[in-house]
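Asker:
Number of protein chains: 2
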Amino acid sequence: MASAPHLLNALKERNVRLTRQRRVVLDALAVSGNHVRAEDLLREGRKRDPNLDRATVYRTLAMLKEHGLIDELDLLHLDGRGHYYEMRGHQDHVHIGCTECGRVTELHSPIVQALLDEVASHTGFRATSARIEVQARCPECAGGNAREQR
Amino acid sequence: MASAPHLLNALKERNVRLTRQRRVVLDALAVSGNHVRAEDLLREGRKRDPNLDRATVYRTLAMLKEHGLIDELDLLHLDGRGHYYEMRGHQDHVHIGCTECGRVTELHSPIVQALLDEVASHTGFRATSARIEVQARCPECAGGNAREQR
DNA sequence: ATACTATTTGCGACAATGTCGCATCTGAGA
DNA sequence: TCTCAGATGCGACATTGTCGCAAATAGTAT
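See below:
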């Protein structure tokens with residue numbers, strides 16, 4: 000189950016030392032899908048290496064983030080106040096969270112790129128990545144009581 | 000110095016009890032401008048009421064957020080891991096933070112609305128607000144060493 | 001295969017940020 | 001002025017993340 004080969008290769012190319020623990024965290028990341036919390040990774044990782052330490056997970060996440068291989072989200076704190084991580088894909092996308100049921104959806108749209116272009120041309124800031132989190136009500140929750148808007 | 004009348008009125012309309020402490024927090028919010036941390040509000044508020052408690056600040060912020068009167072940001076954790084608050088204006092805007100110097104800029108753009116419309120039409124989620132945080136390098140930082148892209 | 005060494009890990013202590021229960025206090029309506 | 005639902009202050013606690021340092025180890029050289 001050699002998961003996340005993409006990340007493994009990226010790390011090799013950058014001469015990052017591949018420790019057992021880092022492989023474990025990468026595995027856990029690959030298995031866990033999007034929107035994982037650090038603590039989930041710790042728990043998942045400990046299935047493979049029971050001695051895996053909390054600090055190691057955090058340090059690995061920080062390292063991956065520094066290399067631009069993962070993104071850190073907080074999904075509007077709809078649930079708790081921790082952070083979520085996901086492998087960084089080809090392009091940025093929008094996270095949409097329902098304020099009532101907490102469900103999170105993603106949306107890929109060319110408008111995101113248009114926005115980044117606009118940022119560059121108006122401010123001169125050269126964007127490296129974007130985090131777009133939309134607070135919303137999902138169709139189900141909005142349907143149930145469409146009348147009371149607030 | 001009756002600041003933030005807009006917020007005061009909004010709270011009155013909603014029959015929220017206007018305590019001395021809440022006025023103090025609103026004042027502190029108005030004085031402090033955008034991107035304030037809870038701790039800053041506490042310190043600023045204590046100038047007006049030395050007994051103002053941390054829990055009260057947090058509870059007031061939670062209340063304001065629930066009423067949609069302020070937004071909570073984390074500005075990509077460019078500096079620390081706390082949260083920032085700002086009074087909610089007429090329309091959502093983009094926060095752009097430089098990963099090197101930490102400077103934060105804002106950008107208002109009609110593209111934001113276009114993005115929300117797209118969210119609605121593609122996912123059925125009805126957006127109530129958006130938080131857009133762009134990671135970038137500001138012109139100064141990018142200029143200094145434009146060669147080393149990484 | 002073994003030795004070497006810079007890096008990484010585990011550990012435990014700590015820091016920062018936020019939350020909660022409960023006794024007391026108070027804003028605002030009657 | 002009286003009243004009481006709701007807000008506050010306080011202190012204890014929870015969660016999330018960080019750090020220093022001794023021990024372990026990946027990757028390289030021998």
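Sequence lines, in order, name chains A and B. Heads up, the first sequence is in numbering that gives the first Met the number 0, so the first residue is 0 and it goes up one at a time. Heads up, the second sequence is in numbering that gives the first Met the number 0, so the first residue is 0 and it goes up one at a time. The beta-carbon is built from N, C-alpha and C at its ideal position, and this holds for glycine as well. Model, not experiment: these values are computed from the prediction.
Consider the Cβ of residue 114/A: report whether some Cβ of chain B lies at a distance smaller than 9 Å.
Answerer: At least one chain B Cβ lies under 9 Å of residue 114/A.
Asker: Against chain B, does residue 38/A count as a neighbour if the rule is that its beta carbon must be under 9 Å from one of theirs?
Answerer: No, residue 38/A lies away from the interface with chain B (no Cβ there is under 9 Å from its Cβ).
Asker: Note down, in chain order, all residues in the segment 123-138 of chain B with a beta-carbon under 7 Å from any beta-carbon belonging to chain A.
Answerer: Listed by position along the chain: 123, 124, 125, 126, 127, 128, 129, 130, 131, 132, 133, 134, 135, 136, 137 and 138.
Asker: Quick one: residues in its chain with C-beta nearer than 7 Å to the C-beta of residue 63/A, no 5 flanking neighbours on either side, listed in chain order?
Answerer: Counting only Cβ-Cβ distances below 7 Å, and skipping sequence neighbours, we find 69.
Asker: Would you tell me roughly how many angstroms separate the C-alpha atoms of residue 140/B and residue 100/B, rounded to the nearest one?
Answerer: Near 7 Å, if we compare the C-alpha coordinates of residue 100/B and residue 140/B.
Asker: Run through chain A and tell me which residues come within less than 7 Å of residue 69/B, C-beta to C-beta.
Answerer: Those within 7 Å of residue 69/B in chain A number zero; the least Cβ separation is about 13 Å.
Asker: Taking the straight line between their C-alpha atoms, what separation do you get for residue 29/A and residue 67/A?
Answerer: Taking the straight line joining both Cα atoms gives about 16 Å.
Asker: Do the segment 123-136 of chain A and the segment 9-17 of chain B make contact, defined as three or more Cβ pairs closer than 8 Å?
Answerer: The segment 123-136 of chain A, when compared against the segment 9-17 of chain B, does not touch it at the 8 Å Cβ threshold.
Asker: Please list the residues of the segment 84-101 of chain B that have a C-beta atom closer than 8 Å to any C-beta atom in chain A, keeping them in chain order.
Answerer: Answer set for the segment 84-101 of chain B: 93, 95, 97 and 98.
Asker: Just reading off the beta strand (DSSP E) that residue 134/A is part of, what are its end residues?
Answerer: First-last of the beta strand (DSSP E) with residue 134/A: 125-136.
Asker: Please report the residue range of the alpha helix (DSSP H) in which residue 6/B lies.
Answerer: Counting along the chain, the alpha helix (DSSP H) containing residue 6/B begins and ends at 4-12.
Asker: Would you check if there are 3 or more beta carbon pairs closer than 8 Å linking the segment 70-79 of chain A to the segment 37-54 of chain A?
Answerer: The segment 70-79 of chain A, when compared against the segment 37-54 of chain A, does not touch it at the 8 Å Cβ threshold.
Asker: Tell me which same chain residues have a C-beta within less than 8 Å of the C-beta of residue 40/A, skipping the five on either side of it?
Answerer: Excluding sequence neighbours, residue 40/A sits near 24, 27, 28, 31, 56, 60 and 84.
Asker: Around the C-beta of residue 90/B, are 16 or more other C-beta atoms found within 10 angstroms, so that it is buried, or is it exposed?
Answerer: By the 10 Å Cβ count, residue 90/B comes out exposed.
Asker: With DSSP run on the structure shown, which of helix, strand or coil describes residue 18/B?
Answerer: Residue 18/B: coil per DSSP, three-state reduction.
Asker: Helix, strand or coil: which one does DSSP assign to residue 96/A?
Answerer: Strand at residue 96/A.
Asker: Using 9 Å as the limit for Cβ to Cβ distance, is residue 59/B near chain A?
Answerer: Taking Cβ atoms only, chain A never reaches closer than 9 Å to residue 59/B, which makes this a no.
Asker: With DSSP as the reference, identify every bridge partner of residue 71/B, one or two as the case may be.
Answerer: Residue 71/B pairs with 84/B.
Asker: Please confirm whether residue 77/A and residue 103/A have their CB atoms less than 9 Å apart.
Answerer: Yes, the pair counts as a contact, with Cβ atoms nearer than the cut-off.
Asker: Between 12/A, 94/A and 58/A, which has its C-alpha nearest residue 122/B's C-alpha?
Answerer: Residue 122/B has its Cα closest to that of 94/A, out of 12/A, 94/A and 58/A.
Asker: Would you kindly work out how many angstroms separate the C-alpha atoms of residue 98/A and residue 112/B, rounded to a whole number?
Answerer: Going by the C-alpha atoms only, they are around 19 Å apart.
Asker: Can you look up residue 41/A in the DSSP assignment and give me helix, strand or coil?
Answerer: Note: residue 41/A maps to helix in three-state DSSP.
Asker: Excluding five sequence neighbours on each side, which residues of the same chain lie with their C-beta closer than 8 Å to the C-beta of residue 81/B?
Answerer: For residue 81/B, where only same-chain residues beyond five positions count, the Cβ hits under 8 Å are 36, 37, 38 and 73.
Asker: As a quick exercise: from 138/A, 124/A, 43/A and 117/A, pick the residue whose alpha carbon is nearest that of residue 110/B.
Answerer: Checking every option, the nearest Cα to that of residue 110/B belongs to 117/A.
Asker: Does the separation of the CB atoms of residue 75/B and residue 92/B fall below 9 Å?
Answerer: It is not a contact, given that the beta carbons lie outside the stated cut-off.
Asker: Does residue 13/B pass the burial test, meaning 16 or more other C-beta atoms within 10 Å, or should it be called exposed?
Answerer: Result: exposed.
Asker: Does any residue of chain B bring its CB to less than 9 Å from the CB of residue 41/A?
Answerer: Chain B contact via Cβ: absent.
Asker: Which residues does DSSP pair with residue 106/A in a beta bridge?
Answerer: The partner list for residue 106/A (beta bridge, DSSP) reads 93/A.
Asker: Quick check: what's the CA-CA separation for residue 44/B versus residue 4/B?
Answerer: Rounded to whole angstroms, residue 44/B to residue 4/B spans 17 Å at the Cα level.
Asker: Which value, in whole angstroms, describes the spacing of the CA atoms of residue 119/A and residue 124/B?
Answerer: One C-alpha to the other measures close to 29 Å.
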